[in-house]
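Peer 1: FYI, in full-length UniProt numbering the residues of the sequence shown are 1 to 147. For glycine and all other residues, C-beta sits at the position ideal for the given N, C-alpha and C. Before anything else, here's the structure in question.
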Amino acid sequence: MKLTTRGHYSVKALLDLSLQPSYGPASVKAIAKRQDIPAPYLEKLLIEMRRAGLVKSIRGSVGGYQLAREPVKISIGQILEAVGETITNLPHHTPTPAQTEDWVTFSLWQRLNQKLKEALYSITLADLYYDARSWQASLGEEANFVV
Numbered sequence: 001m002k003l004t005t006r007g008h009y010s011v012k013a014l015l016d017l018s019l020q021p022s023y024g025p026a027s028v029k030a031i032a033k034r035q036d037i038p039a040p041y042l043e044k045l046l047i048e049m050r051r052a053g054l055v056k057s058i059r060g061s062v063g064g065y066q067l068a069r070e071p072v073k074i075s076i077g078q079i080l081e082a083v084g085e086t087i088t089n090l091p092h093h094t095p096t097p098a099q100t101e102d103w104v105t106f107s108l109w110q111r112l113n114q115k116l117k118e119a120l121y122s123i124t125l126a127d128l129y130y131d132a133r134s135w136q137a138s139l140g141e142e143a144n145f146v147v
């Protein structure tokens, strides 16, 4: 599976929101600037993620978007699903008994596809946050955060 720009930007945006103090709101403009994402495109993605219940919008001068639940309760699979990303299954193909090699390959790819889906739904924003922090610490970098 290749993560498209749409999926990549969505994960970056929610990871950015997970870094807000008390998971408070952040403006589209601020997220876009920190993560180098075009603001109009980010706004569309956040609207899709709001519809999926991953973020909520807060109106007013100190408003913006914030996570709808804790980062540990938001999986990468949920984020990708919210913005229309899918793990493409193999084309519908049922090998015949004479095509044993094709059947083995088909079965293998089906199993790998299922394991990938399971992994995406088991990895949370909190997991990515700690992975990124560990990586930054290993490089001796400061606490600023860009995915």
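Using the DSSP secondary-structure output, state which residues sit across from Gly26 in a beta bridge.
Peer 2: The identity of residue 26 in the sequence shown is Ala, whereas the question assumes Gly. The partner list for Ala26 (beta bridge, DSSP) reads Tyr65.
Peer 1: Pairs of beta-carbons, one from the region 37-45 and one from the region 105-114, closer than 8 Å: are there three or more?
Peer 2: Because the criterion of three Cβ pairs below 8 Å is not met, the region 37-45 and the region 105-114 do not touch.
Peer 1: Does the distance from the C-beta atom of Tyr23 to that of Leu45 stay below 7 Å?
Peer 2: Not a contact, by the Cβ cut-off of 7 Å.
Peer 1: Determine, using beta carbons only, whether Gly64 and Ser18 come nearer to each other than 7 Å.
Peer 2: Not closer than 7 Å, so no.
Peer 1: Would you kindly work out how many angstroms separate the C-alpha atoms of Glu43 and Asp102, rounded to a whole number?
Peer 2: The alpha-carbon atoms of Glu43 and Asp102 are separated by roughly 44 Å.
Peer 1: Is the beta carbon of Ile47 closer than 7 Å to that of Leu125?
Peer 2: No, Cβ-Cβ distance for Leu125 and Ile47 is not below 7 Å.
Peer 1: Pick helix, strand or coil for Ile123, following the three-state DSSP scheme.
Peer 2: Ile123 falls in the coil class under three-state DSSP.
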